[in-house]
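In the numbering used here, the protein residues as written are 633 to 1233.
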Ligand SMILES: Cc1cc2nc3c(=O)[nH]c(=O)nc-3n(C[C@H](O)[C@H](O)[C@H](O)COP(=O)(O)OP(=O)(O)OC[C@H]3O[C@@H](n4cnc5c(N)ncnc54)[C@H](O)[C@@H]3O)c2cc1C
């Protein structure tokens, strides 16, 4: 197949952000766009479209990059698998479709760090633009019905959201127990306050209970536009520039990519936009000669633009599960392991009914002062002292000091969350095995309290290790390099045990399956976490939007420093981690980027 060789915009990566941009930019028929996506189209794949199949796509190269970190020194030298979506839709086709928005303070922090226009007011505007919220059509039968505030929800955006079918028994247990522990209920967690407990929405289209994601919401409606070209199984190797070096900003002329066994190029008349995600976008910049000179010379790439922030400032949400066997074996996701139950559920799903429409619903986002009111002040003081010591030793750059100060102000604020505790209706101690793995005992059902660290103090790196664009970069999140990150999860595990000692959960628990009764002391809990923690798949910061003097890679218009027309638009640009799952933020980044590029404010 021969392709046109020049387009106004060349978009690298047809994932979550890439498809939003492609769709918005081609609304103008005079503008031509090409999307180059490394994976396959993966359109209408049942593995993607049908809910309640968590992790079934993991490890399958058709859907998942299945990256692996380097050995993690503070996690007993483990390598951790990082799934990421491959193919059109990217990670929006692989994710758990939990629709979560961050607290306003976390988004306002972007502006405080030097990014005018990146604040909660703008976030709310663009998140509404991306969403169509569907209230439930059936009465809510459980003790804790869904509530919502229509004024902060989108009404005509491409992504459909609604209330998933949930496991009422477990949700009632979780919510009732949290209430008894004094955790406040948030009526609608989509307006900038998420501290407390609530029921979440899912990005499912209630019309047929299928996943609503970047492909269905943004790409398919734009697919027939003559000004949009999408090439799949096209792996971008590097960005090409008009100039070799220059004192002036460089202009990207196009990209080189691998397709059908050949090296190809495509020219950009206006811009090249990297949307390859937080793992691959920094690698592409480095292969293009943009980054830290030592890293580039190590792999034999000539430095075109010295930008030491590329692949740095990586922040990751790590998680640990605490699983319980539940009395009476109410149906949960574990029930799908029974072939008869699974076949029945599938039959019902074909009629738009049944448990296959399930989603994650019970969430809580908690301040440390709620998780451990007695020890919180001492833990915060110890962290303060530790950070001060590092600063005094001169090993902390100014830009990181500023980020830590913002993080400390969140930690000291009893109204803002530090840790997430969500209910997974099934056995999920080992995230990457999940439903594929047998439950500890067949025929029994479990629930798992998932604890996720929200604002890590550790900082990691993602760097290219060779000039081969098909090789994976070295991913080093530096898990638990700062002790406090581990300590917070220890506190989370202990809080979960408090939950299990509180009614109504207390009477429903048969036993703690993992880590189990033998794991008692803080030291034993630490070891449990180090040996079993996984990723919540939210790594970001590798192409941070920050002033160049603060180690930034892109400016507030998402343009790479030292270039006139190269942008990064994906999760990698988020400079400081947020208390949320990340897809809504990516939709916002891409929607806002489209307006910036089109000259609209
Ligand atoms: C397993 C999992 C579960 C998650 N669960 C949730 C959840 O329930 N709720 C939530 O809010 N968030 C969740 N997330 C996070 C959320 O889905 C992501 O943060 C978001 O989709 C990332 O969007 P992105 O555009 O930055 O990257 P992606 O969507 O990953 O897109 C990057 C695209 O670039 C392509 N690409 C990469 N390299 C190249 C190259 N060299 N050439 C061409 N193409 C390339 C990739 O194949 C991919 O399609 C989850 C993520 C994962 C992985």
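Yeah, the Cβ is synthetic: ideal placement off N, Cα and C, and Gly gets one too.
Check                                                                                                                         : Outcome
Where the beta strand (DSSP E) through residue 1143 begins and ends                                                           : 1141-1146
Rounded straight-line distance, which links the Cα of residue 828 to that of residue 1120                                     : 17 Å
C-beta contact flag for residue 775 and residue 993 at 9 Å                                                                    : no
Check whether residue 913 and residue 644 have beta carbons under 9 Å apart                                                   : yes
Pair within 9 Å by beta-carbon distance, residue 704 and residue 1110                                                         : yes
Residues of its chain near residue 1117, where Cβ-Cβ distance is below 7 Å and the 5 sequence neighbours each way are ignored : 1085, 1088, 1089, 1090
Residue 742 - containing alpha helix (DSSP H), residue span                                                                   : 736-744
beta-carbon residue 1215 near ligand 1 non-hydrogen atom, thresh 8 Å                                                          : yes
Proximity test, residue 789 beta-carbon vs ligand 3 heavy atom, cut-off 8 Å                                                   : You won't find ligand 3 in this model; what it holds is ligand 1.
8 Å Cβ shell around residue 1155 - same chain, five flanking residues per side excluded                                       : none
Straight-line gap, residue 962 to residue 843 (C-alpha atoms, nearest Å)                                                      : 25 Å
Any non-hydrogen atom of ligand 1 closer than 8 Å to residue 655 Cβ                                                           : no
Beta-carbon proximity list for residue 1235, same chain, < 6 Å, skipping 5 on both sides                                      : Because residue 1235 is not part of the residues shown, which for the chain are 633 to 1233, the question remains open.
Residues near residue 1142 by beta carbon distance below 7 Å, same chain, minus five either side                              : 957, 958, 959
Reduced DSSP secondary structure (H/G/I, E/B, other) of residue 1018                                                          : helix
3-residue-minimum beta strand (DSSP E) runs that sit fully inside the stretch 1154-1192, ordered along the chain              : none
Three-state secondary structure (DSSP) of residue 759                                                                         : helix
Sequence-distant residues of its chain with Cβ nearer than 7 Å to residue 899 (five each side left out)                       : 637, 638, 885, 886
For residue 924, the residue or residues it bridges with in DSSP                                                              : Paired residues: none, contrary to the question.
Assigned secondary structure, residue 1106 (DSSP; H/G/I helix, E/B strand, else coil)                                         : strand
Opening and closing residue of the alpha helix (DSSP H) in which residue 654 lies                                             : 648-657
Endpoints, the alpha helix (DSSP H) within which residue 1122 is located                                                      : 1115-1132
Cβ neighbours of residue 1068 in the same chain (closer than 7 Å, five flanking residues each side left out)                  : Because residue 1068 carries a pLDDT of 44, less than 50, the predicted location of this residue cannot be relied on, and the following value inherits that uncertainty. Counting only Cβ-Cβ distances below 7 Å, and skipping sequence neighbours, we find 687.
Endpoints, the alpha helix (DSSP H) within which residue 895 is located                                                       : Unbroken run through residue 895 is the beta strand (DSSP E), 894-906; no alpha helix (DSSP H).
Cβ-Cβ separation, residue 716 to residue 909 (assumed contact under 8 Å), whole Å                                             : 6 Å
CA-to-CA distance, residue 866 to residue 891, given in whole angstroms                                                       : 5 Å
Proximity winner among 918, 1057, 954, 942, relative to residue 1270 (alpha-carbon distances)                                 : Because residue 1270 is not part of the residues shown, which for the chain are 633 to 1233, the question remains open.
heavy atom of ligand 1 below 8 Å from residue 898 C-beta                                                                      : no
Between the CA atoms of residue 741 and residue 935 - distance to the nearest angstrom                                        : 32 Å
Contact check, residue 719 vs residue 950, beta carbons under 9 Å                                                             : no
Residues that DSSP places opposite residue 845 in a beta bridge                                                               : In the DSSP output, where bridge partners are listed per residue, residue 845 has none listed.
Residue 727: CB within 8 Å of a non-hydrogen atom of ligand 1                                                                 : yes
Residue 920: CB within 8 Å of a non-hydrogen atom of ligand 1                                                                 : no
Range of the contiguous alpha helix (DSSP H) that encloses residue 953                                                        : No alpha helix (DSSP H) holds residue 953; the beta strand (DSSP E) holding it covers 950-958.
Helix, strand or coil at residue 827 [DSSP, three-state]                                                                      : coil
Nearest-angstrom Cα separation, counted from residue 821 out to residue 1033                                                  : 30 Å
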